[in-house]
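Taking the working numbering, the leading residue of the sequence shown gets 81, the next gets one more, and so forth.
All residues carry an ideal CB built from backbone N, CA and C; glycine is no exception.
Just so we're clear, the structure is a prediction, and the values are computed from it rather than from any experiment.
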Amino acid sequence: MNYNLITILGPTAVGKTHLAAQLANHFNGEIISADSRQVYIGMDIGTGKDINDYNIDGKTIPHHLIDVIHPKEEFNLFLFNKYFYETFNNLTSKGKTPFLVGGTGLYLHSILSGYELSKVDFDKEYYNELNEYKIADLKIKLKKINPSLHNTTDLLVKERIIRAIMIAEKENDKDLLKKSDVNSLTIGIQFEREEIKKRITARLKHRLQNGMIEEVKKLVNEGISFERLNLFGLEYKFAGKYLSGELSYNDMYQKLNSAIHSFAKRQMTWFRKMEKEGIIIHWIEGPDFEEAGKIITPNFTV
Numbered sequence: 081m082n083y084n085l086i087t088i089l090g091p092t093a094v095g096k097t098h099l100a101a102q103l104a105n106h107f108n109g110e111i112i113s114a115d116s117r118q119v120y121i122g123m124d125i126g127t128g129k130d131i132n133d134y135n136i137d138g139k140t141i142p143h144h145l146i147d148v149i150h151p152k153e154e155f156n157l158f159l160f161n162k163y164f165y166e167t168f169n170n171l172t173s174k175g176k177t178p179f180l181v182g183g184t185g186l187y188l189h190s191i192l193s194g195y196e197l198s199k200v201d202f203d204k205e206y207y208n209e210l211n212e213y214k215i216a217d218l219k220i221k222l223k224k225i226n227p228s229l230h231n232t233t234d235l236l237v238k239e240r241i242i243r244a245i246m247i248a249e250k251e252n253d254k255d256l257l258k259k260s261d262v263n264s265l266t267i268g269i270q271f272e273r274e275e276i277k278k279r280i281t282a283r284l285k286h287r288l289q290n291g292m293i294e295e296v297k298k299l300v301n302e303g304i305s306f307e308r309l310n311l312f313g314l315e316y317k318f319a320g321k322y323l324s325g326e327l328s329y330n331d332m333y334q335k336l337n338s339a340i341h342s343f344a345k346r347q348m349t350w351f352r353k354m355e356k357e358g359i360i361i362h363w364i365e366g367p368d369f370e371e372a373g374k375i376i377t378p379n380f381t382v
């Protein structure tokens with residue numbers, strides 16, 4: 081089989097990143113993150129953005145799609161695909177092995193199944209953002225994107241102006257999402273359910289003891305609203321509720337711990353769904369470098 085991508089997936093807290101870094105080091109690779117929150121700058125502890133995981137044998141394995149956007153800005157499936165294919169094409173052109181690594185089921189599924197995406201289709205958040213602008217400012221924005229605009233009816237109704245902006249930007253961006261044929265060798269990391277629960281709880285305690293609340297407080301001080309924190313979910317949602325006085329510390333911890341356990345179950349539901357659709361996942365018990373290497377070696381030459 082002619083594979084051109086290695087995907088390492090699994091539920092939260094199973095050790096995906098460090099295993100991927102070990103494998104990338106061995107198989108001349110670089111890592112492309114498939115994590116919907118690690119794209120945000122300054123969201124480090126709560127997302128598990130441990131750069132030490134990328135340090136192998138005294139060197140840092142190159143990694144991509146981490147720290148690419150400010151938390152005040154929107155990130156979506158279209159942008160993930162856009163950045164993925166740009167990075168994938170760049171790595172393969174250099175003779176590197178791309179490793180797609182993460183647990184965001186939708187992001188992984190979009191690549192492994194080859195979603196056909198439209199920028200406009202995935203910009204509801206952007207529409208809401210534009211809707212906050214005054215009509216006069218929207219007109220200026222539209223004319224900048226499309227200086228040769230002749231249909232002035234687009235400038236009379238706010239909704240039309242917003243749609244015209246989004247369509248014009250889509251036209252300008254139509255060549256940016258250049259999909260490539262991806263054929264992934266996919267490895268899944270799993271543990272027994274009780275072991276995953278233990279790992280989640282231990283990791284949460286470690287994060288709380290090592291600055292997670294302070295990280296969220298810093299985001300609030302930088303202008304990130306509690307409503308925005310809710311959208312990021314899990315650590316940011318519940319830490320935000322604690323900081324706003326909605327939850328006590330103990331309630332925050334208990335509810336967050338339970339929510340992460342539920343999240344891990346939903347991740348496994350995604351992966352089982354992918355298997356039912358025909359995506360082959362080679363499951364291994366824990367982040368076992370030797371076992372993963374045995375799966376990869378017959379299929380890749382370094």
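Straight-line measurement puts the Cα of F155 at about 22 angstroms from the Cα of K297.
Residue environment for I215: exposed (fewer than 16 other C-beta atoms within 10 angstroms of its C-beta).
Checking the DSSP bridge columns, you'll see G126 has no partner listed.
Rounded to the nearest whole angstrom, the CA to CA distance from Y163 to E249 is 17 angstroms. In the three-state reduction of the DSSP assignment, S342 falls in the helix class.
In this structure, T92 and T266 do not form a Cβ contact; the two beta carbons are roughly 18 angstroms apart against a cut-off of 8 angstroms. Inter-residue distance for M292 and L314 is about 12 angstroms (C-alpha atoms, whole angstroms). Scanning the stretch 162-199 from its first residue to its last, the whole alpha helix (DSSP H) runs of 4-plus residues come out as 185-192.
Taking a cut-off of 8 angstroms for Cβ pairs, the stretch 336-346 and the stretch 164-180 do not touch, as fewer than three such pairs fall below it. DSSP, read as helix, strand or coil, puts T92 in coil. A straight line joining the alpha-carbon of G358 with that of I375 spans about 18 angstroms.
Counting along the chain, Q289 sits inside no beta strand (DSSP E); it lies in the alpha helix (DSSP H) bounded by residues R273 to Q289. In terms of Cα proximity to L99, the closest of N132, Y322, G126 and I121 is N132.
Looking at the DSSP output, Q270 sits in a beta bridge with E365. A101 is the residue among R117, A101 and Q118 whose C-alpha sits nearest the C-alpha of E110.
Here L222 carries a helix assignment [DSSP, helix/strand/coil]. In the pairwise beta carbon analysis, the stretch 306-313 is classified as not touching the stretch 142-149: fewer than three pairs are separated by under 8 angstroms.
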